[in-house]
Amino acid sequence: MKYDDAAWHAGDEFPRDLPPEAGATHAALFLAWALCADLGGDYHVIDSAEDLERLRARQLTPVQYFLAVCDGQLTDEDFGPEGNGFAIAYYQQGVSGYLGDYQEYLAKGLPTEYHVPGGWTSYDKLKPVLDRRLANWRRGRTAP
Numbered sequence: 498m499k500y501d502d503a504a505w506h507a508g509d510e511f512p513r514d515l516p517p518e519a520g521a522t523h524a525a526l527f528l529a530w531a532l533c534a535d536l537g538g539d540y541h542v543i544d545s546a547e548d549l550e551r552l553r554a555r556q557l558t559p560v561q562y563f564l565a566v567c568d569g570q571l572t573d574e575d576f577g578p579e580g581n582g583f584a585i586a587y588y589q590q591g592v593s594g595y596l597g598d599y600q601e602y603l604a605k606g607l608p609t610e611y612h613v614p615g616g617w618t619s620y621d622k623l624k625p626v627l628d629r630r631l632a633n634w635r636r637g638r639t640a641p
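Dropping the structure here:
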C-alpha cells in the first residue's frame, strides 16, 4: 500500500519557486520520525542499515534519506506492524491527522506547506507532537 508519493505533489499547485524535493518533506519527516522511534520495517533495518545509521546520526537529512532510499514513496514496507497501524490511524487522516499537525506546527506563517524545510530543525519541532500522538494511539489504539 502506498501512503504517499512525492510525485503526487508536483502538480499545478506546487510552488514554482521551490525545488521538486520540497514535495517530499512532509512524508520524509514522518518516516524519519518513525524510523528513529523503531517503527520501521525490515527493509530499512536490513537492506538500508548503513543509510539508516547515517540518518539516525543526522548525517543525512530526512528528505535526503527519503529520496535516496525510498525513491520519494512512502509505503507499508517502510513500517513494521505497529508503524503501519499508526500510519493508517494518523498519517492517512489528512488534515484531521498528520497533515493537520504538520500545517499547525511547521507550516503556519509560511506561503504553503511545501515551504517547510526538510531538515532536522523541522524534525525537532514535530517530534514531540508525533511522540504524543503515538502515545495516545497506543493507549487507545484509535485515531490520535
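Numbering (the working numbering), first residue to last: 498 to 641.
Glycine included, C-beta positions come from ideal geometry on N, C-alpha and C.
Keep in mind it's a predicted model, so treat the numbers as computed, not measured.
* To do: For W634, collect the residues of the same chain with a Cβ closer than 7 Å to its Cβ; drop the 5 residues on either side in sequence, then sort them by chain order.
  => Numbered from its first residue, the sequence shown carries residue 634 at position 137. Excluding positions up to five away in sequence, the list reads F583, A586, Y587, P641.
* How many Å lie between N581 and R513 at the Cα? -> Taking the first residue of the sequence shown as position 1, residue 581 is located at position 84. Taking the first residue of the sequence shown as position 1, residue 513 is located at position 16. Answer to the nearest angstrom: the Cα atoms are 33 Å apart.
* Whole angstroms is fine: what's the gap from A525's alpha carbon to G615's? => What you label residue 525 is simply residue 28 of the sequence shown in a count that begins at 1. What you label residue 615 is simply residue 118 of the sequence shown in a count that begins at 1. Going from the Cα of A525 to the Cα of G615 covers about 8 Å.
* To do: List the endpoints of the continuous beta strand (DSSP E) containing Y500.
  => Locating residue 500 in the sequence shown gives position 3, where the first residue counts as 1. Start and end: 499-502.
* Helix, strand or coil for G642 per DSSP? -> Lying outside 498 to 641, the shown extent of the chain, residue 642 is not represented and no answer is given.
* Going by alpha carbons, who is nearest to Y599 out of K622, G577, P608, D548? -> What you label residue 599 is simply residue 102 of the sequence shown in a count that begins at 1. For the residues K622, G577, P608, D548, the minimum Cα distance to Y599 belongs to K622.
* So, is P559 buried or exposed, given that buried needs 16 or more other C-beta atoms within 10 angstroms? -> To locate residue 559, count along the sequence shown from 1; it is residue 62. By the 10 Å Cβ count, P559 comes out buried.
* **P578 versus A531: straight-line alpha-carbon distance, rounded** => Along the sequence shown, read from residue 1 onward, the residue named residue 578 stands at position 81. Along the sequence shown, read from residue 1 onward, the residue named residue 531 stands at position 34. Computed Cα separation, rounded: 12 Å.
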